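What follows is a short report on a single structure.
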Amino acid sequence: MFYKRDSEHHYQVALLVSILLLTGCEKKISQSPTAKNSNSLVAENQSANSDSKKPVTTNTGKETSAAQTHQKTETGHHKSASKSSPRPLFKDWPAPKLAIILTGERRGYLEPCGCTQNQTGGVSLLANLVKKIEDRKWPVTAFDLGGLVKRNRRQSQIKYETILASLKDMKYAGVGLGPEELRFGADIFLQLHNPEPASPNTTPTFLAANILILETPELGKSHFKIIEVGGVKIAVTSIIGKSRMEKVPDIIWQEPVKVLPEVIKKMQAAKPDLMVLLSQSDKEESKSIAEKLPVFDILLTAGGVEDPIGEPTFIGKTMMVDVGHKGKNAGVVGYYPQDAAKDDRSKRFRFTVIELDKQRFQDTPRMAEHMQFYQDRLKQEDLAAKELPIDHPRGATFVGAETCGECHTKAYEKWLTTAHAHAYESLITGREDQKGQNVISRIYDPECLSCHVTGWHPQDVIRYKSGFVNKKESPHLLGQQCENCHGPGSGHIELVDMDKLEEAKKVMRVTLAEAKKKTCYQCHDLDNSPNFEFDSYWEKVKHPWRD
């Protein structure tokens, strides 16, 4: 058994937070440009050690492969440290009988935010991984654990359909159901896809052995699926554990260990070479299932860390693996049936977790088409305007930076020089390094608008009443403005008009300590701004004047 982590997580950076005019200013949207043709890696595979005919056992469990890592300084900040070129994919792997790609818990990350260069993950880079494996002439199939989206909103439904279309193009064979999918409710969930039978095909089959939708056993999903790839027959099923299940109307949960024996019996009747379980459970519950039902060769579990190190756990002869969250990584199992004795199934596998970085992977044209279609649908449905807004806790309305500038002239002039003032435009043009590339506009995407305009709750992605709707209706709220940090200004203006100056100041005041603790973190979090460092960012936007 050989296993290793293909890359370490590089973005463990200190998250101090910016102040006053900052809730996402440096954020700039990612691209989905037409990718260059990927180079074949067949030669790389052929150059592997000729004497490495069997999987090699190792206890390293981790392999650094990215071009850069981050080192912590004495101040608690992080700095880049140059490293050697990325390690080749699947180093020392002979060609397997079958390669199995495993993903899961995407949580809505169709792509990384893209506000910073070299962010990892997304379906576009995943598709390139699939292509690189196919270029090696390795038989390949793929399964996803489920948990494709995060929220239960109309945008999430559109994103869900887009992700499924992407997985279909990558020839995913099966997708498990997570609590995230079931939160849509039975009616919406059934509308979002056409269920397929448990039979060989090239499109994802929804799998859930222990879920009843509208009290109908296989409505909306299948209990299991049998596929054959490269002469290897695989039987796969999926469950949602008690640790993950939530109460949802018209959806009935059943104890996995009570339901699975009958499903297993049907799977084994097909005489598969491999038995696979997709377990939407925490690790302890998945382990318990493997102990009670020791028939599965591979068990993909939920409940792991965001960036796993790629070390599987063996429960008897079952190899349990996890592949992280947010689509940043993909697990790959290599199957070598010729290299194992009958009494030791574990030696049949190699396993690695691959970080989907831009040093080794390129964007895929077909996935860019999916992203464009997704953005077009958001525009057509005009979700920024149609989703119900919420009241701001202060009860005031947003007036816009130009109004603030009528009194606060120096602060306003400073703001005009910052990237905050152009945050909206960056949704159209992309980052500085993307000039001349085919950047897909995100100006109708609520998840992007929430940190690039004024009057939204950035973490919950909800518009406040009087917040930005679109350029035509609310041009005075374009970009990251004063009120995203200080709060809506109508009440402040009223107090000034009543000569209640001290009270007016108190309403809008944000201290440096508050900014470092919370304010800028609303947008400059690890996902969206991994290189954020408060002191240097604050120097770009500070405005100490009291005019």
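Read in the UniProt record's numbering, the sequence shown has 469 at position 469, and its numbers run on one by one without any break.
Backbone N, C-alpha and C define an ideal beta-carbon position, used for all residues, glycine too.
A quick note: this is a predicted structure, and the numbers were derived from the prediction, not measured.
Practice task
Quick one: residues in its chain with C-beta nearer than 6 Å to the C-beta of ILE493, no 5 flanking neighbours on either side, listed in chain order?
Solution key: Position 493 of the sequence shown, counting from 1, holds the residue named residue 493. Close CB contacts of ILE493 within its chain, under the 6 Å cut and outside five residues either way in sequence, are absent.
Handout entry: Length of the line joining the Cα atoms of SER529 and PRO112
Key = Walking along the sequence shown from the start, residue 529 turns up at place 529. Walking along the sequence shown from the start, residue 112 turns up at place 112. About 11 Å.
Exercise for the section: Would you kindly work out how many angstroms separate the C-alpha atoms of ALA173 and THR162, rounded to a whole number? Expected result: Residue numbering aside, residue 173 sits at position 173 when the sequence shown is read from its first letter. Residue numbering aside, residue 162 sits at position 162 when the sequence shown is read from its first letter. ALA173 and THR162 have their alpha carbons spaced roughly 17 Å apart.
Handout entry: Length of the line joining the Cα atoms of HIS370 and ARG546
Key = Counted from its first residue, the sequence shown places residue 370 at position 370. Counted from its first residue, the sequence shown places residue 546 at position 546. C-alpha separation (whole angstroms): 49 Å.
Handout entry: Closest Cα partner of SER279 within the set VAL232, ASP273, GLY147
Key = The residue given as residue 279 occupies position 279 in the sequence shown. Distances from the alpha-carbon of SER279 to those of VAL232, ASP273, GLY147 put GLY147 closest.
Handout entry: Element boundaries [alpha helix (DSSP H), containing residue 610]
Key = A question about residue 610 goes unanswered here, because the residues of the chain that appear run from 1 up to 547.
Handout entry: Proximal residues to ILE133 (C-beta, below 7 Å), its chain only, five neighbours per side dropped
Key = Here residue 133 is taken as the residue at index 133 of the sequence shown, counted from 1. Contacts found: ALA99, VAL140.
Exercise for the section: State buried or exposed for ALA302, treating a residue as buried only when at least 16 other CB atoms are found within 10 Å of its CB. Expected result: As a first step, residue 302 is located in the sequence shown; it is residue number 302 there, counting from the start. It counts as buried.
Exercise for the section: Kindly list the residues whose CB is nearer than 8 Å to the CB of LYS97, restricted to its own chain and excluding five residues on each side of it in sequence; keep chain order. Expected result: Within the sequence shown, numbered from 1, the residue matching residue 97 stands at position 97. In the same chain as LYS97, and ignoring 5 residues on each side of it, the C-beta atoms closer than 8 Å to its own belong to PRO139, GLY230, GLY231, VAL232, TYR335, TYR336, PRO337, GLN338, in chain order.
Practice task
Less than 8 Å between the CB atoms is what I'm expecting for ASN210 and PRO179, so what's the real figure, rounded?
Solution key: Within the sequence shown, the letter at position 210 stands for residue 210. Within the sequence shown, the letter at position 179 stands for residue 179. 13 Å between Cβ atoms; not a contact.
Exercise for the section: Measure the CB-CB distance between GLY176 and LEU207 and report whether it falls below 8 Å. Expected result: Within the sequence shown, residue 176 is the residue found at index 176, counting from 1. Within the sequence shown, residue 207 is the residue found at index 207, counting from 1. Going by C-beta atoms, GLY176 is nearer than 8 Å to LEU207.
Exercise for the section: Taking the CB atoms as reference points, tell me whether PRO294 and THR318 lie closer together than 8 Å. Expected result: On the sequence shown, position 294 is the one that residue 294 refers to. On the sequence shown, position 318 is the one that residue 318 refers to. Yes, they are a contact pair.
Practice task
Give me whichever residues DSSP pairs with GLN280 in a beta bridge.
Solution key: Mapped onto the sequence shown, residue 280 falls at position 280. Answer is ILE240.
Practice task
Counting only the same chain and skipping the five closest in sequence on each side, list residues whose C-beta sits under 8 Å from that of HIS422.
Solution key: On the sequence shown, position 422 is the one that residue 422 refers to. Taken in chain order, the residues that qualify are GLY479.
Handout entry: Beta-carbon spacing of residue 548, PHE349 below 8 Å
Key = A query on residue 548 cannot be resolved here, the shown segment of the chain reaching from 1 to 547 and no further.
Practice task
Could you tell me the boundaries of the alpha helix (DSSP H) in which PHE534 lies?
Solution key: The residue you call residue 534 lines up with position 534 of the sequence shown. In the DSSP assignment, PHE534 falls within the alpha helix (DSSP H) that extends over 534-541.
Practice task
Output the boundary residues of the beta strand (DSSP E) element that contains LYS225.
Solution key: What you label residue 225 is simply residue 225 of the sequence shown in a count that begins at 1. Its beta strand (DSSP E) spans residues 224-229.
Handout entry: SER166 to TYR109 span [Cα, whole Å]
Key = In the sequence shown, counting from the first residue as 1, residue 166 sits at position 166. In the sequence shown, counting from the first residue as 1, residue 109 sits at position 109. Rounded to whole angstroms, SER166 to TYR109 spans 12 Å at the Cα level.
Handout entry: Residues near residue 617 in its chain [Cβ-Cβ closer than 6 Å; skip 5 each side]
Key = What is shown of the chain runs 1 to 547, which leaves residue 617 out entirely.
Problem - Integer-rounded CB distance, given that GLN459 should sit under 8 Å from GLN522 - result: For the purposes of this step, residue 522 is taken as residue 522 along the sequence shown, with counting starting at 1. For the purposes of this step, residue 459 is taken as residue 459 along the sequence shown, with counting starting at 1. Taking C-beta atoms under 8 Å as the contact rule, GLN522 and GLN459 qualify, at a distance of about 6 Å.
Handout entry: Inter-stretch contact (C-beta, 8 Å, three-pair minimum) for the region 113-122 and the region 154-161
Key = They do not touch, by the three-pair rule.
Exercise for the section: Take the Cβ of GLN380 as the centre, count every other Cβ of all protein chains shown within 10 Å, and call the residue buried at 16 or more, exposed below. Expected result: Here the question's residue 380 lines up with position 380 in the sequence shown. With fewer than 16 other Cβ atoms within 10 Å, it is exposed.
Practice task
Ignoring anything shorter than 3 residues or poking outside the region 284-372, list the beta strand (DSSP E) runs there in chain order.
Solution key: For the beta strand (DSSP E) assignment, the uninterrupted runs of no fewer than 3 residues enclosed by the region 284-372 are, from N- to C-terminal side, 298-301, 313-315, 318-321, 329-335, 349-355.
Handout entry: Identified DSSP bridge partners for ARG463
Key = Residue 463 sits at position 463 when you count from the first residue of the sequence shown. In the DSSP secondary-structure assignment, ARG463 is bridged to TRP456.
Practice task
Using the Cα positions of PHE184 and ASN152, report the straight-line distance between them to the nearest angstrom.
Solution key: Indexing the sequence shown from 1 puts residue 184 at position 184. Indexing the sequence shown from 1 puts residue 152 at position 152. Distance between PHE184 and ASN152, taken at the CA atoms: about 6 Å.
Problem - ASP499 to LYS505 span [Cα, whole Å] - result: Here residue 499 refers to the residue found at position 499 of the sequence shown. Here residue 505 refers to the residue found at position 505 of the sequence shown. Distance between the alpha carbons of ASP499 and LYS505: 11 Å.
Exercise for the section: Spatial neighbours of LYS540 within its chain, please: CB distance less than 8 Å, with the 5 preceding and 5 following residues excluded, ordered by chain position. Expected result: On the sequence shown, position 540 is the one that residue 540 refers to. Excluding residues within five positions, the ones whose Cβ falls inside 8 Å are THR418, ALA419.
Practice task
Determine the DSSP secondary structure at MET508, reduced to helix, strand or coil.
Solution key: Start at 1 with the first residue of the sequence shown, and residue 508 comes out as number 508. Residue state, collapsed to three classes: helix.
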